[in-house]
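Q: What follows is a structure written as structure tokens; I'll ask about it next.
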Amino acid sequence: MADREPPRAPRRPTTLRHFDDVRIDDWYWLRNRDDPAVREYLEAENAYTEAGLASIAPLRDRIFEEIMARVRETDVSAPVRHGPWEYYARTIEGRNYAVHCRRPAGTPGLPDADAAPGTPPGEEVVLDENELAAGHEYFVLRTLAISPDHRLLAYGTDVTGGERALLRVRDLEHHVDLDDEIPDTYYGLAWANDGATLFYVRPDEAVRPYQVWRHSLGTPVADDVLVFQEDDERYYVTVGRSRSAKVVMITCESKVTSEVHLIDADAPSSAPRCVAPREQGVEYHVDHHAGPDGDHLYVLTNADGAESFKLMRAPADATSRTDWTEVVPHRPDVRLADVDVFAEHLVLSTRSGGLERVHVLPIDGGDGHEIEMAEEVYSVWLGPNPEFDTGTIHYRYTSLVAPVSDVDYDLEARTRTVVKVQPVDGYDPATFETHRLWATAPDGVRVPISIVHRRGLPRDGSAPLLLYGYGSYEVSIDPAFSPTRVSLLERGVSYAIAHVRGGGELGRRWYEDGKLDRKRNTFTDFIACAEHLIAEGYTRPSRLVARGGSAGGLLMGAVANLAPHLFTAIVAEVPFVDCLTTMLDDSLPLTVTEWEEWGDPVHDRAIYDYIKQYAPYDNVTDQPYPAMLVTAGLNDPRVQYWEPAKWVAKLRATVRSPTTLFLKTELGAGHHGPSGRYESWRDEAQVLAFVLSRMGIED
């Protein structure tokens with residue numbers, strides 16, 4: 108693909124010592140973003156990638172046009188009832204970002220997708236992201252919260268990708284922003300009931316959200332009040348508002364421990380009250396219920412050995428775990444993932460058998476039921492449900508073959524109404540089928556695989572296949588539809604997800620068995636899935652490509668070292684590949700908070716040695732590697748740009764056999780790549796063109 112000589116980052120050896128171990132890092136200098144040579148190297152790699160992928164530019168452009176033809180560029184989301192209004196978002200052909208709108212509640216039917224924003228009777232434009240993005244290379248709306256009286260909108264914008272946002276407040280009656288502007292805020296935003304007080308979150312220098320502040324509209328930001336500060340670097344802080352509108356909730360949590368503080372939403376100046384003091388290893392999450400028998404808290408927790416979590420009820424003024432009583436007991440085989448509290452019902456989101464499920468319980472303790480789903484392998488999740496006193500909930504359903512459906516579900520009648528189905532022009536789901544496979548890991552554990560492919564797929568190993576994996580933080584990669592993926596499926600490419608340990612697909616134990624000193628299970632599970640797909644005739648190594656990003660990029664780096672012979676190519680997006688060096692540097696974002704995920708190599712020699720054994724950067728060897736496309740973001744606060752850059756530099760210097768290796772760094776974006784849907788589609792078209800070309804598909 109590339110005839111020109113690849114860039115070579117010069118060696119500048121740095122000696123790294125920890126315990127009695129010495130590592131020589133020849134590319135440690137790439138961390139210094141103030142060094143002009145760093146920028147020169149990244150730009151040289153970008154130029155090399157552009158030249159190297161020029162031969163597949165026609166395929167990339169064709170895929171981009173397919174995506175554009177498939178996606179309904181001018182569209183409208185399903186309305187969500189919130190008080191006297193229904194809120195929804197419009198997308199308009201040629202515009203990158205959403206236009207947020209509302210109309211009076213009870214307006215029949217879906218909004219006219221083709222109507223200009225604000226022109227249908229009763230419709231108001233709440234916020235046009237395109238206007239906010241004008242003049243910026245990068246733009247993301249980070250936070251959005253409507254005031255209790257629906258007169259004001261608080262919103263935070265990020266124009267660098269660094270995930271720090273400028274918070275503003277818009278007067279929706281006069282369509283102007285107030286003078287209040289609060290810089291350097293993070294995710295998390297809550298209104299008090301007076302409609303004049305805002306709670307927001309600020310991050311520290313390492314981008315750890317650690318403070319909650321209170322702002323009174325019309326007063327200087329310098330007069331804002333610090334409400335809560337978390338000094339333990341293992342913990343993150345966020346703030347939210349209960350659906351009941353009675354309390355503002357401050358949640359501080361590490362990877363294994365949490366603590367919740369409540370503020371009366373009618374008395375925003377009151378001090379936060381702790382629901383239960385933190386205990387190492389005890390997690391709990393709180394929601395509030397206001398009913399005829401008084402106010403109560405519902406608490407989702409793993410306390411007392413409830414590894415898969417249980418649901419408790421407590422008085423609204425509870426201050427310790429002794430005040431809690433059990434509502435839904437712990438079941439080892441059912442992960443109780445979330446609870447949504449409504450006036451008359453509890454809606455439980457659970458996991459069992461590797462699938463998501465939704466259960467409905469009457470608040471008075473009567474018989475509950477499970478909402479039935481249609482397919483063998485699917486994904487379902489609750490949508491925004493801001494109304495507390497409602498008999499209808501909104502959920503979203505999809506599978507690897509079924510586009511996303513927005514569904515309204517009557518909690519008493521147990522009936523569903525499909526409000527909207529994601530339009531995908533020219534796509535016929537009957538052409539494809541999806542099912543669940545099981546691979547066997549080296550330790551005998553069965554690992555689920557979700558797969559979609561053409562009907563009648565020959566099981567002779569001839570079919571190309573893209574295998575995706577993640578496997579960290581108890582994040583579940585559930586089988587969901589992607590309109591961009593259709594460009595693969597229609598070319599005969601199968602798509603599979605390896606639900607490896609470290610994720611949450613099979614519950615909390617599945618996660619625990621893929622973290623800390625069991626992290627290698629994530630890698631060997633993925634390899635076992637690849638081997639199973641090959642053995643069962645779904646593909647062969649010369650047509651098998653692996654893909655993963657962030658912590659899934661660590662997975663890609665590990666399997667590239669451990670089993671390069673299984674793959675013709677690997678796509679590693681913003682990969683966490685220099686994990687030992689990062690976990691030793693507590694000045695970096697995430698490091699201290701991540702010790703409970705990966706282990707603490709600073710103080711624990713066994714963990715140091717364990718991470719060193721699998722860290723992709725530390726284990727690059729002179730062996731044949733698959734072709735690789737690697738991405739990075741210069742402003743990425745989660746995986747610093749230098750991790751993929753160092754990895755590529757070391758691969759180029761170490762591997763003597765011919766290797767196709769590309770590094771693309773977004774110089775104006777962060778962890779999630781470029782902003783704007785058209786740029787995202789172009790990026791995805793480039794990745795898919797690379798994948799197809801390595802499978803031998805050129806058109």
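Residue numbers for the sequence shown follow the working numbering, so the first one is 108 and each next one is one higher.
Ideal Cβ placement from N, Cα and C applies to all residues, glycine included.
1. List, from N- to C-terminal side, the beta strand (DSSP E) runs of 3 residues or more that fit wholly inside the segment 666–744.
2. With distances taken Cα to Cα, identify the nearest neighbour of Ala444 among Pro731, Ala413, Trp298 and Thr345.
3. Thinking C-alpha only, which one of Gly664, Ser657, Ile804 and Thr198 is nearest Gly599?
4. Mapping DSSP to helix, strand and coil, what is Phe588?
5. Start and end of the alpha helix (DSSP H) containing Arg759?
6. Using 10 angstroms around the beta-carbon of Arg138, count the other beta-carbons present and answer buried if the total reaches 16, otherwise exposed.
7. Do you know whose CA, among Leu273, Phe246 and Thr646, lies nearest Ser787's CA?
8. What does the alpha-carbon distance come out to for the pair Pro555 and Trp545?
9. Inspect the beta-carbon positions of Ile163 and Thr591 and report whether they are closer than 8 Å.
10. As a quick exercise: from Glu172, Asp620, Gly533 and Gly216, pick the residue whose alpha carbon is nearest that of Ala796.
11. If you measure between the beta carbons of Glu701 and Leu741, is that distance less than 8 Å?
12. Starting from the C-beta of Pro310, find all residues in its chain whose C-beta is less than 6 Å away, skip the five residues before and the five after it, and write them out in chain order.
13. Run through the DSSP bridge pairs and tell me what Ile131 is partnered with.
14. Three-state secondary structure (DSSP) at Met480?
15. How would you label Phe630, buried or exposed, when you count the other beta carbons within 10 angstroms and need 16 or more for buried?
16. Hey, how far is the Cα of Glu488 from the Cα of Val525?
17. Considering only DSSP beta bridges, list what Leu544 is partnered with.
18. If you count every other CB in all the chains shown that lies within 10 Å of the CB of Phe769, and 16 or more means buried, which is it?
19. What separation, rounded to the nearest whole angstrom, lies between the Cα atoms of Glu540 and Val508?
20. To the nearest angstrom, how far is the alpha carbon of Met802 from that of Gly610?
21. Could you spell out where the beta strand (DSSP E) holding Tyr262 opens and where it closes?
22. Which partner residues does Arg464 have in the DSSP bridge list?
23. Skipping 5 residues on each side, what residues in its chain have a beta carbon closer than 7 Å to that of Ser569?
24. Which residues in the same chain as Gly498 place their Cβ atom closer than 6 Å to its Cβ, once the five residues preceding and following it in sequence are excluded?
25. Helix, strand or coil: how does DSSP classify Met108 here?
26. For Gly159, which three-state DSSP category applies?
27. Could you pull out every residue in the same chain whose Cβ sits closer than 7 Å to the Cβ of Asp219, ignoring the five residues on either side in sequence?
28. Could you tell me whether the segment 692–709 touches the segment 642–654, using the rule of 3 or more Cβ pairs below 8 Å?
29. In whole angstroms, what is the alpha-carbon distance linking Ala109 and Tyr534?
30. Might you give, ordered along the chain, the residues of its own chain that have their beta carbon closer than 6 Å to the beta carbon of Ala873, omitting 5 neighbours on each side?
31. What separation, rounded to the nearest whole angstrom, lies between the Cα atoms of Thr198 and Ala776?
32. Please specify which runs of the beta strand (DSSP E), each continuous and at least 3 residues long, are wholly inside the segment 512–540, giving them in chain order.
33. Report the start-end ranges of each alpha helix (DSSP H) in the segment 597–641 that is 4 residues or longer and not cut off at the edges.
34. When the Cα of Val832 is compared with those of Gly388, Pro399, His403 and Gly398, which residue comes out closest?
35. How would you call Glu483, buried or exposed, if buried means at least 16 neighbouring beta carbons within 10 angstroms?
36. My output table needs one value for Ala297: the three-state DSSP class, helix, strand or coil.
A: Based on what the coordinates show:
1. 676–680 and 734–740
2. Ala413
3. Ile804
4. coil
5. Trp749 to Thr761
6. buried
7. Phe246
8. 5 Å
9. no
10. Glu172
11. no
12. Tyr293 and Pro316
13. Thr122
14. coil
15. buried
16. The residue you asked about is not Glu; residue 488 is Trp in the sequence shown. One C-alpha to the other measures close to 14 Å.
17. Ile556
18. buried
19. 7 Å
20. 28 Å
21. Leu259 to Asp265
22. Thr457
23. none
24. Leu518 and Glu519
25. Residue placement at Met108 cannot be trusted, given a pLDDT of 44 that sits under 50; what the coordinates show is reported in the next sentence. Met108 falls in the coil class under three-state DSSP.
26. helix
27. Pro227
28. no
29. Reliability fails at Ala109, whose pLDDT of 48 lies under 50, so the model's placement of it is uncertain and the value that follows must be treated cautiously. The straight-line gap from Cα to Cα measures roughly 35 Å.
30. With the chain covering only 108 through 806, there is no way to say anything about residue 873.
31. 22 Å
32. 512–517 and 522–528
33. 615–619
34. Shown here, the chain extends from 108 to 806; a query on residue 832 therefore has no answer.
35. exposed
36. strand
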